[in-house]
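Here is the structure we will look at, set down as structure tokens.
In full-length UniProt numbering, the protein residues as written are 1 to 707.
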């Protein structure tokens with residue numbers, strides 16, 4: 001399952017609510033007005049009534065066709081070029097025509113292996129308009145994963161984002177491609193059929209950058225009546241499968257999550273209830289989360305499309321800092337890692353300033369925090385505190401907002417929970433309303449989210465159920481008393497149809513209670529007065545040798561509070577004690593070594609020399625103890641640790657494309673070192689949990705293909 005366990009929305013610089021409701025955050029002031037209640041629902045006229053994504057896209061094209069929709073850079077040195085909703089609709093019409101000519105129709109699967117681009121959105125909507133199912137894959141998807149997904153889904157056509165992607169996948173075809181990108185004797189178009197692992201269902205592969213535009217260029221003028229009749233025959237129904245998203249497959253055979261038009265449209269409707277159009281006028285986002293991911297696809301692309309909003313495409317992950325300053329979005333869909341990096345960068349800049357500047361920033365943040373706490377309690381601000389804040393906001397805090405372009409007001413964040421220091425900093429110092437939420441791929445993805453009004457938000461919770469969702473905390477098939485921990489079950493029209501071709505797995509994912517079917521999320525949590533709090537994951541809860549339970553994410557979250565720890569994975573199932581695999585913040589750790597003038601170390605010292613230095617080890621012990629103090633029992637704390645030289649990344653296959661750590665992959669990679677730690681402690685072998693026997697994250701795909 002893809003999990004978006006702490007889906008945070010943060011608004012910077014601007015205002016929440018509208019006249020008479022919510023609270024406003026201006027560049028130099030924040031004021032609370034009459035708050036709308038937790039149960040407030042906007043009038044039905046403000047919530048879209050779309051039942052299919054096709055209906056939604058066509059309606060927006062009719063009513064808001066002149067508005068800009070997608071922005072992109074033709075080349076790195078150029079400015080952003082914008083495509084209107086009407087122009088996008090015309091492109092969808094042409095793409096629909098060429099897909100129809102290629103034999104795509106109702107029930108067919110069209111796969112995409114690409115990053116975010118205009119053609120991705122065009123291909124998706126054109127496929128859906130023909131009654132086909134869209135099968136997105138990450139640009140970084142491994143070849144064995146691509147092969148499994150194409151075979152399992154029965155994809156008829158594959159759209160790829162580049163020549164490199166075509167070269168990686170061309171051997172799946174049962175015949176040489178006629179792709180014009182590789183015509184005229186290009187050596188890459190020659191396929192060694194003896195070495196080819198063909199996918200029988202796959203009829204062709206087109207490239208987004210050459211083949212799709214070339215085919216669409218041949219379609220000119222208004223569609224013929226005959227073509228229109230063909231398109232009209234492809235009736236798209238709410239319960240048709242719109243998107244097939246494959247889970248990561250790190251804990252078992254990969255599963256294709258079938259999401260219907262109704263599932264996705266229900267979630268869009270839920271987002272409209274929480275953040276209304278008047279809450280974010282002239283919405284503009286910078287898209288860098290992959291649209292192959294539910295958050296990027298439904299919460300950003302489809303949600304923004306339904307509002308007639310603008311979406312600028314980031315060039316790639318390395319240009320986000322410059323793109324955000326050029327685009328200056330007021331909405332940013334992101335992951336906690338991004339904000340942690342922004343927070344660390346701001347803190348480093350503050351630390352490098354003179355004594356007076358540091359004092360001024362600390363003072364500004366302290367005043368902002370005090371002010372926000374008063375507003376949270378519903379009390380009136382004193383004129384003195386408000387005046388003090390406005391001055392400090394003008395000379396200090398407004399400069400910090402420029403880090404994110406100066407206009408960001410709302411930022412949905414998924415993947416994991418934001419650390420409290422980072423949350424408090426962005427909320428108070430940068431005027432951010434943090435709305436944490438929760439969901440999974442199987443729930444389209446959103447199940448719960450906090451409301452914008454500051455006085456009805458609970459820090460640490462992931463808010464209340466979105467419209468249409470019902471949540472329950474269950475133990476042994478029964479609801480637990482309010483406030484007690486159990487597994488989170490969910491019911492509602494956003495819950496997926498099932499796993500493709502996997503009846504047993506689909507049946508196991510659901511339970512019966514109160515006479516109806518519930519989806520079992522596998523996550524642990526509590527419900528109090530309607531507010532959901534995530535406490536762990538059933539599969540991330542393990543026993544130590546002494547029989548006591550440890551929830552790894554809770555310990556990892558505490559460790560990440562240290563400014564010297566960048567990434568961490570806890571290990572210790574069935575063993576006497578926990579060990580932490582820690583990727584330090586190498587820049588800060590090296591700077592600390594230099595400041596302490598540690599013997600044998602300098603700014604140019606190798607990481608191996610730094611991580612093994614006795615005083616560095618002692619310093620990290622202090623940080624670990626400080627991070628865990630008063631937050632957990634002694635047996636939960638890591639007794640040993642390894643400082644790792646390389647971070648967990650998508651490239652080394654220790655991060656998923658949505659930036660979640662692949663726990664099993666990390667443990668497998670450092671299995672020998674982990675085993676050595678327990679061997680030195682005279683710990684006997686534990687076959688079920690020894691690191692060297694941790695399953696390969698790629699193995700499920702290979703096993704499934706072999707079968």
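Glycine residues also receive a C-beta, built at the ideal position from the N, C-alpha and C atoms.
- Per DSSP, residue 551 is not a residue of any alpha helix (DSSP H); the beta strand (DSSP E) it occupies stretches across 549-551.
- The region 553-568 and the region 627-643 touch, with three or more beta-carbon pairs separated by less than 8 Å.
- For residue 212, the secondary structure class from DSSP, reduced to helix, strand or coil, is helix.
- For residue 479, same chain residues with a beta-carbon under 6 Å away, outside a window of 5 residues either side, are 472 in chain order.
- Of the other Cβ atoms in all chains shown, fewer than 16 fall within 10 Å of the Cβ of residue 79; this residue is therefore exposed.
- Here residue 137 is buried, its C-beta having at least 16 other C-beta atoms within 10 Å.
- Less than 8 Å separates the beta-carbon of residue 339 from that of residue 413.
- When DSSP reads this structure, residue 567 sits in a beta bridge with 583.
- The C-alpha of residue 604 is placed about 11 Å away from the C-alpha of residue 591.
- The three-state secondary structure of residue 134, taken from DSSP, is strand.
- Around the beta-carbon of residue 317, fewer than 16 other beta-carbon atoms lie within 10 Å, marking it exposed.
- Taking the Cα positions, residue 534 is about 7 Å away from residue 461.
- Bounds of the alpha helix (DSSP H) holding residue 59 are 53-64.
- Along the region 355-439, the alpha helix (DSSP H) occurs as fully enclosed runs of 4 or more residues at 355-376, 383-392, 398-401 and 420-424, listed in sequence order.
- The alpha-carbon separation between residue 650 and residue 288 amounts to approximately 15 Å.
- Residue 293 is positioned such that its CB atom lies no closer than 8 Å to that of residue 599.
- Bridge pairing for residue 257: 245 and 499 [DSSP].
- Ranked by Cα distance from residue 172, the options 139, 206 and 70 are led by 206.
- Boundaries of the beta strand (DSSP E) harbouring residue 639: 638-643, taken from the DSSP string.
- Looking at the DSSP output, residue 523 bridges to 537.
- Straight through space, the alpha carbons of residue 104 and residue 653 are spaced by roughly 34 Å.
- If you ignore the 5 residues before and after residue 637, its C-beta comes within less than 8 Å of the C-beta of 555, 578, 624, 625 and 628, all in its own chain and listed in chain order.
- With respect to the 8 Å criterion, residue 495 and residue 487 are not classified as neighbours on the basis of their beta carbons.
- For residue 49, the secondary structure class from DSSP, reduced to helix, strand or coil, is coil.
- Rounded to the nearest whole angstrom, the C-alpha separation of residue 326 and residue 421 is 28 Å.
- Scanning the region 621-676 for uninterrupted beta strand (DSSP E) segments of 3 residues or longer gives 638-643, listed from N- to C-terminal end.
- Inter-segment contact for the region 422-430 and the region 393-402 is present: three or more beta-carbon pairs are separated by less than 8 Å.
- Of all C-beta pairs linking the region 356-376 to the region 442-453, fewer than three are shorter than 8 Å, placing the two stretches out of contact.
- For residue 537, the CB contacts under 6 Å within the same chain, skipping 5 residues up- and downstream, are 523 in chain order.
- Between residue 587 and the set 606, 295 and 159, the nearest pair of CA atoms involves 606.
- For residue 484, the secondary structure class from DSSP, reduced to helix, strand or coil, is coil.
- Secondary structure note for residue 164: its alpha helix (DSSP H) is the uninterrupted segment 163-169.
- In this structure, the CA atom of residue 110 is about 26 Å from the CA atom of residue 74.
- Per DSSP, residue 123 is one residue of the alpha helix (DSSP H) stretching across 118-129.
- Judged by their CB atoms, residue 286 and residue 254 are not nearer to each other than the 8 Å cut-off.
- According to the DSSP secondary-structure assignment, residue 291 is paired through a beta bridge with no residue.
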